[in-house]
Amino acid sequence: MHTHSSEDEKPAKETSVTKTGHTHHLSPISGKDKADQDTHANHREHHGGHSGHNHASMINDFRRRFYVVLVLTIPVVLLSPMIKHWLGMDWTFPGSMYILMGLSSVIFFYGGWPFLTGFVQETKARQPGMMTLVAVAITVAYIYSVATVFGLDGMDFFWELATLILIMLLGHWIEMRSIAASSRQLELLVELMPAQAHLLHGDHLMDVGTDTLKVGDMILIKPGEKVPADSEIMEGESYLNESMLTGESRPVARSQGDKLIAGSINSNGALKAKVLHASRDSYLAQLVNLVQDAQNAKSQTQLLADKAAQWLTVLALVSGVVSFLVWYLVLGREIAFAMERMVTVIVICCPHALGLAVPLVVAYSTTLSAKHGLLIKNRTAFENSRKITTLVFDKTGTLTVGKFAVIRYESFVAELDKSELLRMAAALESNSEHPIATGIVTKAKEVELFLPSVTDFKALTGKGIEAKSEGKYIAVVSPGYLREKNILPVDKAPVSAAETVVYVLVDGKVAGYIALADEVRSESVSAIQTLQAEGIKTILLTGDNTQVAQTVSDQLGMDGFFAEVLPHQKLEKIKELQARGEYVAMTGDGVNDAPALAQADIGIAVGSGSDIAAETAGIVLVNSNPKDIASLILFGKATYRKMIQNLIWATGYNVIALPLAAGVLYKAGIMLNPAMGAVLMSVSTVVVAINARLLKV
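Using full-length UniProt numbering, you'd call the opening residue of the sequence shown number 1 and step up by one each time.
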């Protein structure tokens, strides 16, 4: 499956950071409030009257209302005529019915207030839902019961009303605690940012607020402290714990020139570092915004669930009215019995579990994946990972370590020794962050070569770079460039299957070559095996030569490869696979691979580090570890299964519960009252919440 084009390796990157199309504004101080509010915006329709509160206060409010209603429900139950009849006791006294009505009125207006205000909000939005059903049920029960106190024939519903509101409050309290637990890990991400930093002014050290740090500030990070800002080490070395940010379980070594991520924990060495991003633009701030955006975005599965919940609301109201009419007008039962059937049907068919089936899984999976370095920008793409039939891997830095080491270098001209050849090439490559460039510059430093300055630097897309240095025009190019210009046969330099070769041109003439090799990652084999066990074909897509591509492909046991592919040709290879009917996921660095990532059914940007917002990718992996790609797909499948399980439970519950509430098994002695309907409805919601929490990466 390999093709031949004219490139040996990918061109040098002109920039290493891709900015998002919008500005992030999240400070360490305001982040938690925003996280509390924004994360659950899609749940507020269920909690009318509280849209301006943060989630903690809403939980406290439902808890307070629950305990007040619990205390008031006890005398209401004891004073209810039906309960007294069941117990065979009569403690009626003058005015007891008015006391019963008064206590029930407090329960209705105080305990039922969230549902009543929620009903108003849903009506204004023309989106009837759970609040509408509960409000209708308790209002009908209350008005009818009050009417019986003032002379209407029938038995009151006060005790059913009280227990119904009590159980609904308890169900909401438990549900909201589950939602809060699902988002707690997002709050932990926000809390990773320390409040203060040690700012260096010459020899002076002063403590300042983290949010006051500016790009270019020098900071001191002491042993055991959190890194206050994205920064670059200027002096010192240490091990950093980045587990909460990247999922890397082991501390990673960092020394001069390495980048630090805000929120990571320094271990044993003091570090002087230069600030690269202000707090609002830090990796952590972008991460929190990315998670919030993903949680609030609705995928196709969630839109389907929302639509089903709306239809269930209408069905519940219609079924309730029909149940009343059938029992009262057709079967001739008393109005109290018929009304109890209507209230029970309306309550038991609340689409609460259905409405939460997907959002709870979304909230938990998004924060859980972010903790493990799997960042979801597009929910639909994440859920569709179960459909992947072919996964296309970019080679360098994903399947391989991405750190090219110079194996050998030779000059073709007598007047230029090989050290001088390396020195000139390294001077040009010092302007690039491409892995090949890094390898050449690293080698020049190892042999202690002085690098001259360069001017007129220019990238030759997909072919190399050129610039002027010390009065000469220097170019570092691929074999494809030489073939295209018909300058020198490619076999001039000896090449082994595992090597990448670049040529150095001086004033247009080939002066020598540099051979480099990139080591295959130890994790790549197991990642490929995991994917193939899931029935996913793995294809290597690289700008490297055919020999290198085939060596890596064979070593990993992949299903095929495309070699010597220019960046703009990668898109065509993705289209070619899609034309064969494959559902294609593409992994790439998000810069040169942008067109291919956009064309793929699922684009996965890998190894982005602080550049977490690769525009064209639906999913971003912080690390380049291929095992993370396999984990992502397995986690996507597990997440989708949880959503489907919750949807099946929520819909299946209603299919069974509605006929029972309507009284179809009345002659068999099976009859549900409104309170039992509320219990079953709440239990279904709790089951959905618990199932979401069982999701694991």
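Heads up, the beta-carbon is just placed ideally off N, CA and C, and yes, glycines get one too.
Taking 8 Å as the cut-off, the beta carbon of glutamate 499 is found closer than this to the beta carbon of alanine 515. Linking threonine 123 to threonine 132 through their CA atoms gives a straight-line distance of about 8 Å.
In the same chain as valine 476, and ignoring 5 residues on each side of it, the C-beta atoms closer than 7 Å to its own belong to Ala425, Leu428, Glu429, Gly464, Ile465, Val502, Val504, in chain order. With contacts defined as CB atoms closer than 8 Å, serine 238 and lysine 274 fail to qualify as a contacting pair. Around the beta carbon of aspartate 507, a 10 Å sphere encloses fewer than 16 other beta carbons of the protein chains shown; the residue is thus reported as exposed. Taking the Cα of isoleucine 574 as reference, the smallest distance to any Cα among Ser553, Thr551, Lys472, Leu541 is reached at Leu541.
The Cβ atoms of arginine 423 and leucine 451 lie closer than 8 Å to each other. Secondary structure of alanine 467 (DSSP, three-state): strand. Contact between the stretch 306-325 and the stretch 620-636 is absent: fewer than three C-beta pairs spanning the two stretches fall below 8 Å.
Proximity to aspartate 61 across Leu78, Tyr98, Phe115 peaks at Phe115, based on C-alpha coordinates.
Residue pairing by DSSP places glutamate 410 opposite Tyr513 in a beta bridge.
Proximity to leucine 566 across Ala316, Ile440, Gly480 peaks at Gly480, based on C-alpha coordinates. Shown here, aspartate 61 sits in a helix according to DSSP, grouped into three states.
Rounded to the nearest whole angstrom, the CA to CA distance from valine 362 to tyrosine 283 is 22 Å. Of Ala229, Ala630, Gly320, the smallest CA-CA separation from serine 526 is found for Ala630. Apart from sequence neighbours up to five positions away, the residues of its chain that approach serine 323 with a beta-carbon distance below 6 Å are Arg341, Met342, Val345, Ala662, ordered along the chain.
Annotation: isoleucine 221 to glycine 257 spans about 15 Å, alpha carbon to alpha carbon. Fewer than three pairs of CB atoms, one per stretch, sit closer than 8 Å, so the stretch 653-660 makes no contact with the stretch 374-382. Annotation for lysine 445: the continuous alpha helix (DSSP H) segment containing it runs 435-446. By the Cβ-count criterion, glycine 129 is buried, with 16 or more other Cβ atoms from all chains shown falling within 10 Å of its own Cβ. Counting other Cβ atoms within 10 Å of its Cβ, alanine 253 stays below 16 and is therefore classed as exposed.
Take aspartate 417, set aside five residues on each side of it, and the residues of its chain with a beta-carbon closer than 7 Å to its own are Ser411, in chain order. Straight-line spacing of the CA atoms in leucine 694 and valine 664 works out to 35 Å. Arginine 254 sits in a strand when the DSSP states are folded into three classes. Under DSSP, no beta-bridge partner is assigned to leucine 566. Counting the other CB atoms within 10 Å of its CB gives asparagine 545 a total of 16 or more, which places it among the buried residues. For isoleucine 528, the uninterrupted alpha helix (DSSP H) run begins and ends at 524-533, by DSSP. Of the candidates Gly557, Ile539, Glu582, Leu161, the residue whose Cα lies closest to the Cα of isoleucine 388 is Glu582. DSSP, read as helix, strand or coil, puts asparagine 241 in strand. The three-state reading of DSSP puts threonine 461 in coil, since its state is none of H, G, I, E or B. Taken through DSSP and simplified to helix, strand or coil, lysine 259 comes out as strand. Residues of the same chain with a CB within less than 8 Å of the CB of glutamate 420, apart from the 5 flanking positions on each side, are Ser411 in chain order. Alanine 137 and leucine 317 have their C-alpha atoms roughly 9 Å apart.
Here DSSP, grouped into helix, strand and coil, assigns tyrosine 473 to strand. For glutamine 196, the pairing in a beta bridge is given by DSSP as Gly209. Between alanine 285 and the set Phe66, Gly332, Thr639, Gly263, the nearest pair of CA atoms involves Gly263.
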